[in-house]
Amino acid sequence: MEAFLASLALVALGEIGDKTQLLSFALANRYRAHWAILAGITLATLINHGLSAWLGVWLTHLVPLHWMQWILGGSFIALGLWMLIPDKEDELEKERTWGPFIASFVLFFLAEIGDKTQIATIALAARFPADFAAVLSGTTLGMIAANVPVIWLGAKLTNPRWESWAHRISAILFVGFGVASLIAQ
Numbered sequence: 000m001e002a003f004l005a006s007l008a009l010v011a012l013g014e015i016g017d018k019t020q021l022l023s024f025a026l027a028n029r030y031r032a033h034w035a036i037l038a039g040i041t042l043a044t045l046i047n048h049g050l051s052a053w054l055g056v057w058l059t060h061l062v063p064l065h066w067m068q069w070i071l072g073g074s075f076i077a078l079g080l081w082m083l084i085p086d087k088e089d090e091l092e093k094e095r096t097w098g099p100f101i102a103s104f105v106l107f108f109l110a111e112i113g114d115k116t117q118i119a120t121i122a123l124a125a126r127f128p129a130d131f132a133a134v135l136s137g138t139t140l141g142m143i144a145a146n147v148p149v150i151w152l153g154a155k156l157t158n159p160r161w162e163s164w165a166h167r168i169s170a171i172l173f174v175g176f177g178v179a180s181l182i183a184q
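Sequential numbering of the sequence shown, starting at 0, is according to numbering that gives the first Met the number 0.
Dropping the structure here:
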């Protein structure tokens, strides 16, 4: 349960104001097909985070435990500090060549590559290698929880002050999780 709750909280908070959340907002404004966008985002997240969680578990078999704890602690602290750097909105294509589901799936999957939440998923899976399903479901639900309001309510929810506080809280959680990983040695 700890793996699920940690994954859910870290990704949901980490996603606020993230480039993929801005992408969700842009897709909702462009297509106005909420369910298709949500379906595309959900499938892209499941595949992306599934591969990321698999990589995290695989790393635990490759790297000795004492090194893994240092790597994880440092990774969570680095992610916490990274959370303090705001993301910028990427431009979407000008033409509507894809439908809302395909556009959401492809653009979201690509935007997640190397993103904070993908790296957090790798680190969480390495931290909880026996709880692959809990990490994957937690990170996926965290991503959905952060993006559903943006898809449905759009501009009404965009508030730079709220995003700033969410980034700070998320940074504190990541750094705290990193310190806890280092102390647990």
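Positions of the beta carbon are idealized from the N, C-alpha and C atoms, including for glycine.
None of these values were measured; they are calculated from a predicted model.
Would you report the Cα separation of residue i and residue j, rounded to the nearest angstrom?
{"i": "Ser74", "j": "Ala122", "result": "7 Å"}
{"i": "Arg191", "j": "Phe3", "result": "The structure shown does not extend to residue 191, since the chain spans only 0 to 184, so no value can be given for it."}
{"i": "Ala27", "j": "Leu7", "result": "23 Å"}
{"i": "Gln117", "j": "Ala52", "result": "9 Å"}
{"i": "His33", "j": "Ala5", "result": "28 Å"}
{"i": "Ile150", "j": "His65", "result": "42 Å"}
{"i": "Gly98", "j": "Ile171", "result": "39 Å"}
{"i": "Leu106", "j": "Ile40", "result": "9 Å"}
{"i": "Ile185", "j": "Ala179", "result": "Nothing can be reported for residue 185: it is not among the residues displayed for the chain, which extend from 0 to 184."}
{"i": "Ile101", "j": "Ile36", "result": "8 Å"}
{"i": "Phe131", "j": "Leu140", "result": "14 Å"}
{"i": "Val174", "j": "Val62", "result": "22 Å"}
{"i": "Val185", "j": "Arg29", "result": "Because residue 185 is not part of the residues shown, which for the chain are 0 to 184, the question remains open."}
{"i": "Leu9", "j": "Leu58", "result": "20 Å"}
{"i": "Gly72", "j": "Val134", "result": "17 Å"}
{"i": "Ala25", "j": "Thr138", "result": "22 Å"}
{"i": "Thr120", "j": "Met67", "result": "15 Å"}
What residue does the alpha helix (DSSP H) around residue i start on, and which one ends it?
{"i": "Gly13", "result": "1-14"}
{"i": "Phe131", "result": "131-152"}
{"i": "Pro99", "result": "99-111"}
{"i": "Val56", "result": "33-61"}
{"i": "Ile121", "result": "115-126"}
Evaluate residue i with the Cβ neighbour count: other Cβ atoms within 10 Å of its Cβ, from every protein chain shown; 16 or more gives buried, anything less gives exposed.
{"i": "Ala129", "result": "exposed"}
{"i": "Ala145", "result": "buried"}
{"i": "Leu83", "result": "exposed"}
{"i": "Phe176", "result": "buried"}
{"i": "Met0", "result": "exposed"}
{"i": "Leu22", "result": "buried"}
{"i": "Ile76", "result": "buried"}
{"i": "Gly113", "result": "exposed"}
{"i": "His48", "result": "buried"}
{"i": "Leu152", "result": "exposed"}
Find the nearest neighbour of residue i within the set the options, judged by alpha-carbon distance.
{"i": "Trp81", "options": "Leu54, Gly13, Met0", "result": "Gly13"}
{"i": "Ala38", "options": "Leu58, Phe108, Val56", "result": "Phe108"}
{"i": "Ile182", "options": "Ser163, Pro148, Lys115, Ile70", "result": "Ile70"}
{"i": "Asp17", "options": "Ala110, Phe173, Val134, Leu135", "result": "Ala110"}
{"i": "Leu42", "options": "Trp164, Ile143, Arg167", "result": "Ile143"}
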